[in-house]
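Novice: Just so you know, this note's numbering puts 1170 at position 5 of the sequence shown, and the rest follows in order with no gaps.
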Amino acid sequence: MDKSVQHRSILALPVTVQQDTPKGSWVDATGKLMAADALPMGVTQEAASAGDIVSVTVLGTASMNMNGIASGAVMQGDVICLDTGSMVIKTAAAALTASDTVHGIVLYDAAATGHAEVLIK
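1. Once the 5 residues before and after residue 1205 are set aside, which same chain residues still bring their CB inside 7 Å of it?
2. If you follow the alpha helix (DSSP H) that residue 1259 is in, where does it begin and where does it stop?
3. Buried or exposed for residue 1209, going by 16 or more other Cβ atoms inside 10 Å?
4. Residue 1266 by DSSP, collapsed to three states: which one?
5. Quick check on the DSSP output: the beta strand (DSSP E) that includes residue 1224 runs from which residue to which?
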């Protein structure tokens, strides 16, 4: 099966990032990386330096950076959840008890140190 995904950004918004930001990072509406007092807006479509305007996928598919989020390989169907200001990967079964924290779904298996194709909801 061809695992290449043509990103389908149904809703993307411009955001001025507050720090150097790798491609595929979750940011809040002010352009900050996720922190304990932040709510996720979406995933950056490209890398950016502090003060740059970057397009952020709010709804659609995106390439999400797994560095610092995944503790091991991620599997198709795993979900991306908000947990006290941090994005974490959970199995779908583990996320059932807190489905209101789910912000995305992994579309294909991926390594913990690379990028995963995700559907952001």
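Note that CB positions come from ideal geometry on N, CA and C, so glycine has one too.
Everything numeric in this text was worked out from a predicted model, so none of it was measured.
Specialist: On the basis of the data shown:
1. What you label residue 1205 is simply residue 40 of the sequence shown in a count that begins at 1. Beyond the five residues adjoining it in sequence on each side, residue 1205 comes within less than 7 Å, by CB distance, of 1191, 1193, 1199, 1247, 1252 and 1268 in the same chain, given in chain order.
2. Residue numbering aside, residue 1259 sits at position 94 when the sequence shown is read from its first letter. Looking at the DSSP string, the run of the alpha helix (DSSP H) that includes residue 1259 is 1257-1260.
3. In the sequence shown, counting from the first residue as 1, residue 1209 sits at position 44. With 16 or more Cβ atoms within 10 Å of its Cβ, residue 1209 is classed as buried.
4. Within the sequence shown, the letter at position 101 stands for residue 1266. It is helical.
5. Indexing the sequence shown from 1 puts residue 1224 at position 59. Note, residue 1224: beta strand (DSSP E), 1218-1230.
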